[in-house]
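Report on the following structure.
In the numbering used here, the protein residues as written are 15 to 584.
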């Protein structure tokens, strides 16, 4: 078994192909996280909602990781709707199981079926999902690193049959040690081309599409020393897609500007951290151009390089992440409108989330446990609730960890009585539970009832320390306002989402709304039924027998209750 726990940067001594043996040294991991230029309709990045309870107020409430088996050493993960049903599915590139791609189909709720495997070739390091043959379904491109002694790389194309099953329809030669693949329209002709980073060739390969899912012979362009990951994006604002490449051995990022036709200018290098392992292009500071976020495996941090607006970049600003930062993805994880960072940390077996302050600066990392040696992280709405969840490929434990974001899906709201409703006493209250991501925590509720829109001590009744989300009590007939406070054992609290939520309590048969059932109500109801005046307040207070109708039967039954003391009908 090859070692999967070491970064392969030799930033002080140039590595040669001859020094790498397939039984002892592992090819480096490429960029396994990508900005979905080709499938943006499948992912939502901007939704606003309130947070659920959490033990750390600065964290994003993710449920504990749920793991699913893949092939041997999944080094790359991608989320896309591969079967056109039931949400976003998962694809991984599994480096050591003979070189396979694992497909895990979504059940529609963020849980996944058992994997289906497709063999593509030894050392499958990177996977990208996109509509490569223009037939409306999503295909897969896989970067193959190659084997000793020459490490001749290639890219395999898996064509979708339309239902999430695949056939290998092509394999194309690339550069030496191809470890990262990205698909995008590079030459402006509407179909999707391929760009690959070649670790041992110190270059990138461009394969233009013929428009039918087949590709032309590669054209190579020089990059830095040991390119590990590649990303395509419009960095200089001229509407074509440029290349950004993370170079592990030269601790740099190479920018190759597009000439507009899918050919590229000579690289310009910018410094990053120690052993840049992956990068992501996104507008991090809200100024409409695309910045760079780079995960650095040896310095255990991320470098942020802000764009000057023309595809040149400022000096990097570094933020600590976890131990062995190997993969980075940008997405609005906390639903506040800016893009945060998710970083997979191989040596600390966790994912770090760095929240954006709104200006491209970031808060301290908050980490979440996943499997062994997470090598790739992807943010997507896996449970179809409007917020971004995490899918993490764990190269050391041969599985995927799914962390469901609880921010949006588990809304905490008042259910009954609804706003401005009229209800008959006794009243049964019901509200949605507030989910706490800590499975060992206990959530309690305080129900607040007030006769005024202002919840002051004189007008408020509090039912405290409720463990259930349903509560029944007899209330006086009048207008009440209500809200619910949820809190956990740490003292963290959250209030129900609604404000100014009111309802009116009435007595059945009290048609004149004086909170007393008497002869005046009988007369009023009779007048309403017979001549149409003296309308009951609320109207349903006149439905004495609860049959949904207002007629003389209600008058007779109400008269018997008032005059003869017979039981109230309902």
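The C-beta atom is built at its ideal place from N, Cα and C for all residues, glycine as well.
Under the three-state DSSP convention, the category residue i falls into
i: residue 421; result: helix
i: residue 438; result: strand
i: residue 167; result: strand
i: residue 446; result: coil
i: residue 576; result: helix
i: residue 367; result: strand
i: residue 162; result: coil
i: residue 17; result: With a pLDDT of 31 at residue 17, under the threshold of 50, the modelled position of that residue is not reliable, and no figure is offered here.
i: residue 414; result: strand
i: residue 525; result: coil
i: residue 238; result: coil
i: residue 102; result: coil
i: residue 568; result: helix
i: residue 381; result: strand
i: residue 492; result: coil
i: residue 362; result: coil
i: residue 553; result: helix
i: residue 280; result: coil
i: residue 396; result: coil
i: residue 152; result: coil
i: residue 430; result: strand
i: residue 173; result: strand
Buried/exposed call for residue i, threshold 16 Cβ in 10 Å
i: residue 562; result: exposed
i: residue 254; result: buried
i: residue 507; result: exposed
i: residue 211; result: buried
i: residue 44; result: Bear in mind that a pLDDT of 36 at residue 44, under 50, signals an unreliable position, so the model cannot answer this.
i: residue 492; result: exposed
i: residue 533; result: exposed
i: residue 163; result: exposed
i: residue 545; result: exposed
i: residue 371; result: exposed
i: residue 106; result: buried
i: residue 48; result: Reliability fails at residue 48, whose pLDDT of 34 lies under 50, so the model's placement of it is uncertain and no value is given.
i: residue 330; result: buried
i: residue 585; result: Residue 585 is absent from the model: the chain starts at 15 and stops at 584.
i: residue 278; result: buried
i: residue 269; result: buried
CB-CB length for residue i against residue j, believed under 8 Å
i: residue 379; j: residue 338; result: At roughly 13 Å, the Cβ-Cβ gap does not stay under 8 Å, so residue 379 and residue 338 are not in contact.
i: residue 273; j: residue 239; result: With a Cβ gap of about 24 Å, residue 273 and residue 239 do not count as contacting.
i: residue 467; j: residue 501; result: Wrong, their Cβ atoms sit about 23 Å apart, outside the cutoff.
i: residue 192; j: residue 167; result: 3 Å
i: residue 420; j: residue 77; result: 6 Å
i: residue 195; j: residue 155; result: 5 Å
i: residue 415; j: residue 79; result: 4 Å
i: residue 363; j: residue 83; result: Not really, about 17 Å apart at Cβ, beyond 8 Å.
i: residue 103; j: residue 178; result: 6 Å
i: residue 200; j: residue 207; result: 4 Å
i: residue 569; j: residue 540; result: 5 Å
i: residue 160; j: residue 186; result: Between residue 186 and residue 160 the Cβ distance is about 13 Å, and since that is not below 8 Å, they are no contact.
i: residue 324; j: residue 250; result: 5 Å
i: residue 484; j: residue 442; result: 7 Å
i: residue 244; j: residue 209; result: 5 Å
The alpha helix (DSSP H) enclosing residue i, as first and last residue numbers
i: residue 541; result: 533-545
Range covered by the beta strand (DSSP E) that runs through residue i
i: residue 226; result: Element bounds for residue 226: n/a, residue is neither H nor E.
i: residue 331; result: 331-334
i: residue 91; result: 88-94
i: residue 507; result: 507-509
i: residue 357; result: 354-359
i: residue 474; result: 474-480
i: residue 133; result: 130-133
i: residue 461; result: 458-464
i: residue 117; result: 114-118
i: residue 179; result: Note, residue 179: premise wrong, no beta strand (DSSP E); not H, not E.
i: residue 484; result: 484-487
i: residue 143; result: 138-144
i: residue 558; result: Looking at the DSSP string, residue 558 is not in any beta strand (DSSP E), and its letter there is neither H nor E.
i: residue 291; result: 290-296
i: residue 344; result: 339-345
Q) Does the region 458-471 touch the region 536-550, meaning 3 or more C-beta pairs lie closer than 8 Å? A) No, they do not touch.
Q) Do the region 398-417 and the region 514-527 make contact, defined as three or more Cβ pairs closer than 8 Å? A) Verdict: no, contact absent.
Q: Taking 8 Å as the threshold, find out whether the region 119-129 comes into contact with the region 139-147 through three or more Cβ pairs.
A: Between the region 119-129 and the region 139-147, the count of C-beta pairs closer than 8 Å stays below three; the two stretches do not touch.
(Q) With three or more C-beta pairs closer than 8 Å as the rule, is the region 108-124 touching the region 433-445? (A) Contact fails between the region 433-445 and the region 108-124, because fewer than three Cβ pairs, one in each stretch, are under 8 Å apart.
Q.
Under 8 Å: do the region 354-373 and the region 387-400 share three or more Cβ pairs, one atom per stretch?
A. Taking a contact to require three or more Cβ pairs closer than 8 Å, the region 354-373 and the region 387-400 qualify as touching.
Q) Should the region 393-402 be called in touch with the region 467-486, which here means at least 3 C-beta pairs below 8 Å? A) Fewer than three beta-carbon pairs drawn from the region 393-402 and the region 467-486 are found closer than 8 Å, and the two stretches are therefore not classed as touching.
Q. At a cut of 8 Å, does the region 303-317 reach the region 284-293 through at least three beta carbon pairs?
A. With three or more CB-CB distances shorter than 8 Å, the region 303-317 counts as touching the region 284-293.
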